[in-house]
Each structure stands twice: as C-alpha cells, then as structure tokens.
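Asker: In our numbering, the protein residues as written are 887 to 1277.
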Amino acid sequence: MSSADLPAPVPPRIRDRAVPADRPAAQRHDLGRYLRQMRLPQLGETGQRRLAGARVAVIGAGGLGAPALTYLAAAGVGEITLFDPDTVDATNLHRQVLFTEADLGRSKAVAAAEHLRARSPQVTVRAVVETLTPANALEQLAGHDLVLDGTDNFPTRYLASDACEILDLPLVWGSILAFSGQVSVFWGAGGRGVTYRDVHPVPPRPGEVPSCAEAGVLGMLCGVIGSTMAMEAVKVLAGMGDVLFGRLALYDALRARWDELPLVRDPQRLPVTEIEDVMLTCGLPGPTGPARDEVTAEELPALLAAGTRVIDIREERELAEGGMVAGAEHLPMGELLRGADHEVAGAVLYCAAGTRSASTQRALAERGIRVRSLAGGFDGLSGSGVEIRRG
887 MSSADLPAPV PPRIRDRAVP ADRPAAQRHD LGRYLRQMRL PQLGETGQRR
937 LAGARVAVIG AGGLGAPALT YLAAAGVGEI TLFDPDTVDA TNLHRQVLFT
987 EADLGRSKAV AAAEHLRARS PQVTVRAVVE TLTPANALEQ LAGHDLVLDG
1037 TDNFPTRYLA SDACEILDLP LVWGSILAFS GQVSVFWGAG GRGVTYRDVH
1087 PVPPRPGEVP SCAEAGVLGM LCGVIGSTMA MEAVKVLAGM GDVLFGRLAL
1137 YDALRARWDE LPLVRDPQRL PVTEIEDVML TCGLPGPTGP ARDEVTAEEL
1187 PALLAAGTRV IDIREERELA EGGMVAGAEH LPMGELLRGA DHEVAGAVLY
1237 CAAGTRSAST QRALAERGIR VRSLAGGFDG LSGSGVEIRR G
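1) Could you tell me whether any non-hydrogen atom of the ligand MN is closer than 7 Å to the CB of GLY1208?
2) Quick check on the DSSP output: what are the complete beta strand (DSSP E) runs of length 3 or more inside the stretch 1112-1164, in order along the chain?
3) What are the boundary residues of the alpha helix (DSSP H) that GLY1208 is part of?
4) In three-state terms, what does DSSP make of GLN923?
5) Among residues of its own chain, excluding the 5 on either side of ALA997, which ones have a beta-carbon nearer than 7 Å to its beta-carbon?
6) Here's the rule: buried if 16 or more other CB atoms are within 10 angstroms of the residue's CB, otherwise exposed. What is VAL1150?
7) The beta strand (DSSP E) that contains THR1010, what's its start and end?
8) Using only the alpha-carbon positions, how far apart do SER1270 and ARG1003 sit?
9) Under a Cβ-count criterion, where at least 16 other Cβ atoms within 10 Å of its own Cβ denotes burial, should PRO1218 be classed as buried or exposed?
10) Under a Cβ-count criterion, where at least 16 other Cβ atoms within 10 Å of its own Cβ denotes burial, should HIS1030 be classed as buried or exposed?
11) Please report the residue range of the alpha helix (DSSP H) in which GLY951 lies.
12) Kindly list the residues whose CB is nearer than 7 Å to the CB of GLY930, restricted to its own chain and excluding five residues on each side of it in sequence; keep chain order.
13) Please name the residue, chosen from GLY1077, THR1159, VAL1071 and TYR1082, that lies closest to ALA1116 on a Cα-to-Cα basis.
14) Answer with buried or exposed for PRO1041, where buried requires no fewer than 16 other C-beta atoms within 10 angstroms of its C-beta.
15) May I ask you to verify whether the stretch 1247-1264 touches the stretch 1177-1193, counting CB pairs closer than 8 Å and requiring at least 3?
16) Going by other Cβ atoms of all chains shown within 10 Å of its Cβ, with 16 needed for buried, is ALA952 buried or exposed?
17) Identify, in the order they occur along the chain, each residue of the same chain with its Cβ nearer than 7 Å to the Cβ of MET1126, setting aside the five sequence neighbours on each side.
18) Quick check: the stretch 1030-1039 against the stretch 1004-1011, are at least 3 beta-carbon pairs closer than 8 Å?
19) Return helix, strand or coil for VAL843, following the three-state DSSP convention.
20) Would you call the stretch 1074-1087 in contact with the stretch 1151-1159, where contact means no fewer than 3 C-beta pairs closer than 8 Å?
21) Considering only their Cβ atoms, is the gap separating LEU937 from GLY918 smaller than 8 Å?
22) With DSSP collapsed to three states, give me the class of GLY1266.
23) Assuming ILE945 and GLY1036 form a contact by the criterion Cβ under 8 Å, report the distance between their Cβ atoms to the nearest whole angstrom.
24) When we look at the beta-carbon of THR1159 and count the other beta-carbons within 10 Å, is it buried (16 or more) or exposed?
25) Report the start-end ranges of each alpha helix (DSSP H) in the stretch 965-1045 that is 4 residues or longer and not cut off at the edges.
26) Note down the Cα distance separating TRP1144 from GLY1067, rounded to an integer number of angstroms.
27) With LEU1260 as the anchor, note down where its beta strand (DSSP E) starts and where it stops.
28) Spatial neighbours of GLY1213 within its chain, please: CB distance less than 7 Å, with the 5 preceding and 5 following residues excluded, ordered by chain position.
29) Do ALA960 and VAL1120 count as a contact pair if the criterion is CB distance below 8 Å?
30) Mind checking which residues open and close the beta strand (DSSP E) that includes VAL1058?
31) Looking at ARG1256: is its Cβ nearer than 8 Å to the Cβ of GLY1240?
32) Does the Cβ of ASP1084 have 16 or more other Cβ atoms within 10 Å, making it buried, or fewer, making it exposed?
33) Give the range of the beta strand (DSSP E) segment to which ASP1198 is assigned.
34) Go to VAL942, then tell me how far its beta strand (DSSP E) extends in each direction, as first and last residue.
35) Taking the alpha carbon of GLY1047 as the point to measure from, which residue in PRO1089, LEU958, LEU1107 and ASP970 has its own alpha carbon closest?
36) What are the start and end residues of the alpha helix (DSSP H) that includes VAL1234?
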C-alpha cells in the first residue's frame, strides 16, 4: 500500500493546532529561530506551527534516538517525551552523540533531556526513566501525536507497534546492524495501513538476530538512519512530502546506496486489539548497559575449578561455529528464562559479547535470583587462556 492510499499524513489532532496558549512564554513558538526552514514552501509557517503543537514520544536515546532527538528538538517539535531506562556507558560515546564523558553512569533519559533543553529551551522535554511494558505502554503513549522507536530489541519493537496500532498513532521505525540500516513509517490507519507485524509477523527466537554489540556498528550509520527517522517524523507532523508509508527504505553504507521495498498489509492479519508480551519469545527489552555483577575472563578458570556453575546461554548454532568453554553447560537464554529456578543462583552466564547475559541477569534479579555475567562474553575470551571445547 502506498502513502497515496492512506489519509493525509498530518495526525488530525495537530492538523490545525496552533501553539497552546497556556505554554510558558520561554517555551512559546519563536518563528525567528526557524526562519531558514520556514522559507521552504513545503513547510512554511503553517507547518512550523504544526511542529510546535506536536507531542512526540521517542523510545530510546541510543544510537538512533540521539540524532533523532537532536533534530526533532532543533526543528521545533513542541513536546518530546523520552523513554529510556538505561545509563550512559563508555561504549555508547562513539555513536550516541548527545552524551559526553561527563554523562558516564548517568541516566540516558535525564542526561539527554538536559542537553536538549540547553540547545532548544523552547521545547518541552520530559524524561521517563523506565521501561515500556505491556502493562504501561498504552497509558504512557496515549496523548502523543507520533511515536519514534529507536530501540534495538525486538520485544520493544513489537510493543511499540502494537500500542500504536491500538492508539492509531503513526510510528517511525528504524534499525541498524553493521553497515546496513532500515527506515519505515507504520500506521494502522483503521485496518488499512502497514504495521511492524506485517513486515515481521513472527518474532525471532532469542539469539537468532545478533545485536549491534555482537555484530558491531559504525556511529556514522546511526547518524544517517536516526536523521532519516527525524526527517520522516517532521514530514508526518508538518504534512509535507511523500512519507515512507507502505515502503521500507534500505541503506547500504558500504555501497553508499539507498534501495526501497514496497510493503503491503497482510489481508489475513486481524487488527491488534491488545498488547502481547513477547519478552520470552524473542528476548529481553530494557537496559543494555553493563551487567550489574560481572566476572572477568581471568577469573573464570578459578571459578570453574571451584565448582561454580558456568552456563552458555547462546543458541546451538553459535556453539557449532565456535565451541564453548570447557566445563560449562549449555542452556539457551529463552529456555533458561522460561524455566528458571533457584538452581541457577550463583551461576556465571555468558553469551557472545555480554549483552544477552547482562539482560538475563537483570531479568533473573527481578525474580530474586542472583547470577553473574561474563564481561565481554565468549568473544572476549581470545588470548585469555580459558580452555575452549570444540566439536
């Protein structure tokens, strides 16, 4: 379905909305600041006032969220609600350009909101330091005009798409991996439009798709995709251009080339009417920073010798490709989370790079089960002297 088949892209709530009269004077719409972009006839003063009257929810202040947030605030989007439960880590700084060394260890949502307010004081930015869940997503996202999903995990992507379909909100979505990026705009449009579930009807299994921590990513790619997401959001809110409804834009950084795929709604798919919790189906949402309690590769041999339980939570194919730690046992993440009991308490978990083991550690901690995570994961064992069993 092309964008021509859908309603006018400006959400009805803001199509003719002026800047709210009760907004504090310091945050009122300042046309002079936006003179350069208002000279574009496709935007003009009408489009700029639509931006000033818009409320946008951004999920994630990471690689995609950082550039998207920067440009949304700079463009004059009136109110931004930022959801991110994570803290700033040193490994974030090469791509999450909102943050500096001074922000290490701070809440991403709080630090990002401060930087955005300093740069664009006329914009209202609300920081929400918690994870969107099936229980709170509808309440948290209601009242916004558009949602931008800058997360890197599948449970939150499905959650955002389902919530937006129920609330009838346009959803700007993007993803990155290695040198590739994707962008689209989903909108259920009363059962006529395409959503994330039409593109990915079945959630992947835990570990089936590598994370950026495992596959790697360049910061510049985050800038390209995050800025494109901000551009699509502004097009939707201001009512200009040909929005990526019913289209998936594909970017290959190594070829410096954009390609495009048409998207259609699955005619057999029923509209989403309630939020499904896919956390155990395809992995964990939530913080992606360092684990709460880690052991190093150097400490691992002594722990194994002392009888500490060491669990490889990767998928079977990953073991076949590179082997596993001698003396460790294999229990995939999804299986561990579905049937975890107090027998795993005290164990050391490891995955490929430490991301999944950190997420699993947090999930188990919420159940009162304490485990530790191997810093750097299996990939970080090279040259450590830890014995690897192959075959």
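Glycine included, each C-beta is placed from N, C-alpha and C at the ideal position.
Answerer: Reading from the atomic positions:
1) Only the bare structure without any ligand can be found here, which leaves the ligand MN out of the picture.
2) Fully enclosed beta strand (DSSP E) runs of 3 or longer: 1133-1138 and 1143-1148.
3) Here residue 1208 refers to the residue found at position 322 of the sequence shown. For GLY1208, the enclosing alpha helix (DSSP H) has its first and last residue at 1202-1208.
4) To locate residue 923, count along the sequence shown from 1; it is residue 37. GLN923: helix per DSSP, three-state reduction.
5) Counting from 1 along the sequence shown, the entry for residue 997 is found at position 111. Excluding the 5 residues flanking it on each side, ALA997 has same chain C-beta neighbours closer than 7 Å at VAL974, PHE985 and ASP989, in chain order.
6) For the purposes of this step, residue 1150 is taken as the residue at position 264 of the sequence shown. Under this definition VAL1150 is an exposed residue.
7) Indexing the sequence shown from 1 puts residue 1010 at position 124. Residues 1010-1014.
8) Working through the sequence shown from its first residue, we reach residue 1270 at position 384. Working through the sequence shown from its first residue, we reach residue 1003 at position 117. Spanning the two alpha carbons is a distance of roughly 45 Å.
9) Within the sequence shown, numbered from 1, the residue matching residue 1218 stands at position 332. Buried, by the Cβ-count rule.
10) By one-based count along the sequence shown, residue 1030 stands at place 144. Buried: at least 16 other Cβ atoms inside 10 Å.
11) Taking the sequence shown and counting its residues from 1, the one referred to as residue 951 is at position 65. In the DSSP assignment, GLY951 falls within the unbroken alpha helix (DSSP H) covering 951-961.
12) Position 44 of the sequence shown, counted from the first residue, corresponds to residue 930. So the list reads MET924, once near-sequence residues are dropped.
13) As a working mapping, residue 1116 is identified with position 230 in the sequence shown. Closest in alpha carbon position to ALA1116, among GLY1077, THR1159, VAL1071 and TYR1082, is VAL1071.
14) As a first step, residue 1041 is located in the sequence shown; it is residue number 155 there, counting from the start. It counts as buried.
15) In short, these stretches touch, since the Cβ pair count reaches three.
16) Residue 952 sits at position 66 when you count from the first residue of the sequence shown. ALA952 is buried by the Cβ-count criterion.
17) Taking the sequence shown and counting its residues from 1, the one referred to as residue 1126 is at position 240. Residues of the same chain with a CB within less than 7 Å of the CB of MET1126, apart from the 5 flanking positions on each side, are GLN928, LEU929 and GLY933 in chain order.
18) Taking a cut-off of 8 Å for Cβ pairs, the stretch 1004-1011 and the stretch 1030-1039 do not touch, as fewer than three such pairs fall below it.
19) The requested residue 843 does not occur in the structure, where the chain is confined to residues 887 to 1277.
20) Three or more beta-carbon pairs separated by less than 8 Å link the stretch 1074-1087 to the stretch 1151-1159, which places the two stretches in contact.
21) For the purposes of this step, residue 918 is taken as the residue at position 32 of the sequence shown. For the purposes of this step, residue 937 is taken as the residue at position 51 of the sequence shown. Taking a C-beta distance under 8 Å as the contact criterion, GLY918 and LEU937 do not qualify as a contact pair.
22) Locating residue 1266 in the sequence shown gives position 380, counting from the first residue. Correct three-state label for GLY1266: helix.
23) Along the sequence shown, one-based indexing puts residue 945 at 59. Along the sequence shown, one-based indexing puts residue 1036 at 150. Correct: roughly 6 Å between the Cβ atoms.
24) Within the sequence shown, the letter at position 273 stands for residue 1159. In this structure THR1159 is exposed. Its beta-carbon is surrounded by fewer than 16 other beta-carbon atoms within 10 angstroms.
25) Segments of the alpha helix (DSSP H) lying fully in the stretch 965-1045: 994-1005 and 1023-1027.
26) Reading the sequence shown from its first residue, position 258 is the one you call residue 1144. Reading the sequence shown from its first residue, position 181 is the one you call residue 1067. Straight-line spacing of the CA atoms in TRP1144 and GLY1067 works out to 9 Å.
27) As a working mapping, residue 1260 is identified with position 374 in the sequence shown. LEU1260 -> beta strand (DSSP E) spans 1258-1260.
28) Counting from one through the sequence shown, the residue named residue 1213 turns up at place 327. Result list for GLY1213: LEU1190 and VAL1196, in chain order.
29) Your numbering for residue 1120 matches position 234 in the sequence shown. Your numbering for residue 960 matches position 74 in the sequence shown. No, the pair does not count as a contact, with Cβ atoms beyond the cut-off.
30) Position 172 of the sequence shown holds residue 1058. Run containing VAL1058: 1057-1063, per the beta strand (DSSP E) assignment.
31) Reading the sequence shown from its first residue, position 370 is the one you call residue 1256. Reading the sequence shown from its first residue, position 354 is the one you call residue 1240. No, the pair does not count as a contact, with Cβ atoms beyond the cut-off.
32) By one-based count along the sequence shown, residue 1084 stands at place 198. That one is buried.
33) In the sequence shown, residue 1198 corresponds to position 312, counting from 1. From DSSP, the beta strand (DSSP E) with ASP1198 extends over 1196-1198.
34) Within the sequence shown, the letter at position 56 stands for residue 942. Its beta strand (DSSP E) spans residues 941-945.
35) Taking the first residue of the sequence shown as position 1, residue 1047 is located at position 161. One point to set straight first is that residue 1047 is Ser, not Gly, in the sequence displayed. Measuring from the Cα of SER1047, the nearest candidate turns out to be PRO1089.
36) To locate residue 1234, count along the sequence shown from 1; it is residue 348. From DSSP, VAL1234 is part of no alpha helix (DSSP H) but of the beta strand (DSSP E) over 1234-1236.
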